[in-house]
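Scroll down for the structure; my scribbles are underneath it.
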Amino acid sequence: MNETPTRVYAEIDLDAVRANVRALRERAPRAELMAVVKANAYGHGALACAKAAQEAGATWIGTATPDEALALRAAGVEGRIMCWLWTPGGPWQAAVEAGIDVSVSGMWALDEVRQAARAAGRTARVQLKADTGLGRAGCQPADWAELVGAAVAAQAEGTVEVTGLWSHFACADEPGHPSIQLQLTAFRDMLAYAEKEGVEPEVRHIANSPATLTLPESHFDLVRCGLAVYGVSPAPELGTPAELGLRPAMTLKASLALVKEVPAGHGVSYGHHYLTEAETTLALVPAGYADGIPRHASGRGPVLVGGKVRRVAGRVAMDQFVVDLDGDPAQAGDEAVIFGDAERGEPTAEDWARAADTIAYEIVTRIGGRVPRVYLGA
Ligand SMILES: *Cc1c(COP(=O)(O)O)cnc(C)c1O
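Per full-length UniProt numbering, the sequence shown starts with residue 1, numbered consecutively.
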């Protein structure tokens, strides 16, 4: 049962998750912490990470979809859970019955949650989301009075309790971006209006990981941290995980499937975008884009084999890619670390993000369902 998988696997260090939650709580000492575990905890495993985060003092768990939240509740996660990405006809009643905080950005959602609360015979815990400038989910300032008024009326009739007022940043990963102060001002105005109308929220919150790390005035009552909980830096400009006091929780490892000598001038992988310069040793890494290795990082992605960081040679294929060991010896079964912790000399998710022209969020989150997770510190 507990044998280490041999092809490719993601080691998830739950002690790192706990340490990161504690570090983030120190960065936001007056606020509570929500561990955001959407998308299977950014690929790290939602249930294991939610529990580890709670053990380290996270008092809230956040997900995008109601199904993610309901699955955690069903698996035994207690305490506050919030989810925010709703569509008409969503499982409102199940969420109300499970005591999950639901986000409402507009009138249609408030209507549906009131009906669900009536059907459940329970008060729904509702958090009103303000669009303070992101231009995605959330209620526009011009529509806020109508939404707040309807929520206060629903509160009076007993179907709804407004437990939170919240918003989300557009550019928190670019400290000093002018939109940040504009969003904070809009948020304070929208809070003040709702509170004047009689809303008494348990929590007011706007900060994601980068705002938690860089902008104390954004912490309010609660900070919502996703990526930083997993020990990954939200943006290169903010620093490395170590500089931010974080430890990467995921190490993606594979076993070499084949090592062989090839002559000079040998093409490697589809399209022959790589040609060996001299006689050399090629190693086959049995992980590909079906596992979440970005094909965009073909020819660039770094991999640690035999104590040296090598580059992907040629194209990343669906299930495998090749590295050129420059003649160094190795054998089938040797370990290849695709990314992990720079403090151990390993390539990082941030390195792969650069190689694939994307953000580190995507690198860890895209690690696929075919990759087993192996938990350390469970
Ligand atoms: C994903 C998400 C977060 C967490 O963002 P990080 O930058 O990963 O900390 C917070 N709030 C909302 C609304 C989100 O969708």
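Where a beta carbon is used, it is the ideal one built from N, C-alpha and C, also for glycine. Since we're looking at a predicted model, the values are computed, not measured.
For residue i, which option in the options has the closest C-alpha, if you only look at C-alpha atoms?
i	options	result
A235	Y42, V96 and A360	A360
E55	D67, P66, A64 and A35	A35
N40	R373, G377 and A378	R373
V303	W352, R315 and L275	W352
K38	G89, G57, L72 and W108	L72
G62	A46, D324 and R136	A46
G306	R295, A313, Q331 and F321	Q331
T365	R300, G226 and L238	G226
P175	G149, A156 and E217	E217
L110	E97, C139 and G121	C139
R80	G57, A297, A355 and G89	G57
V148	S298, M190 and Y270	M190
L325	T280, L252, P347 and E237	T280
P329	G301, L282, V337 and G345	L282
G327	R354, E277, Y289 and F339	E277
A76	P88, G89, G99 and P91	Going by the sequence as given, residue 76 is Gly instead of Ala. Cα-wise, what sits closest to G76 is G99.
L14	E26, P29, V104 and C49	C49
V104	E97, T87 and A120	T87
I180	A207, Q155, A356 and S233	A207
Starting from residue i, follow its DSSP beta bridges and name the residues at the other end.
i	result
D324	L282
D205	Strictly speaking, residue 205 in this sequence is His, with Asp absent from that position. The partner list for H205 (beta bridge, DSSP) reads W166.
G158	The partner list for G158 (beta bridge, DSSP) is empty, contrary to what the question assumes.
M34	W60 and R224
C139	A130
Y9	K253
residue 379	Since the first and last residues shown for the chain are 1 and 378, residue 379 lies out of range.
Enumerate in chain order the residues of its own chain whose CB-to-CB distance from residue i is below 6 Å, with the five nearest sequence positions on each side excluded.
i	result
T6	S255
V199	V162
D101	M82, R125, Q127 and T163
I293	A287 and V316
G231	A16, N20, P241, L246, R247, P248 and A249
A211	F169, A172 and S218
W166	Q127, K129 and H205
A150	L110
G43	V364, T365 and I367
A194	V148 and L165
W84	S103
V268	Y274, A313, G314 and V322
By Cβ distance below 7 Å, which residues in the same chain neighbour residue i in space, the five residues on each side in sequence not counted?
i	result
A186	T132, G133 and P141
E202	T163 and G164
A23	G245 and L246
A94	L70
Considering only residues of the same chain and omitting the five flanking positions on each side of residue i, which have a CB-CB separation below 8 Å?
i	result
R118	T159
R291	The question names Arg, but residue 291 is Asp in the sequence shown. Cβ within range, chain order: V8, D319, I367, G368, R370 and V371.
Verify the contact flag: residue i, CB atom, against every heavy atom of ligand 3, threshold strictly below 7 Å.
i	result
Q181	Annotation note on ligand 3: not contained in the displayed structure, which lists ligand 1 as its ligands.
Quiz: which residues have CB nearer than 5 Å to ligand 1 non-hydrogen atoms:
V36, H168, N208, S209, R224, C225, G226 and L227
4 or more residues per run - each alpha helix (DSSP H) lying fully within the UniProt domain "Alanine racemase C-terminal" (249-376)
349-355 and 360-365
Any alpha helix (DSSP H) of 4 or more consecutive residues that is wholly inside the stretch 82-132
92-97 and 107-120
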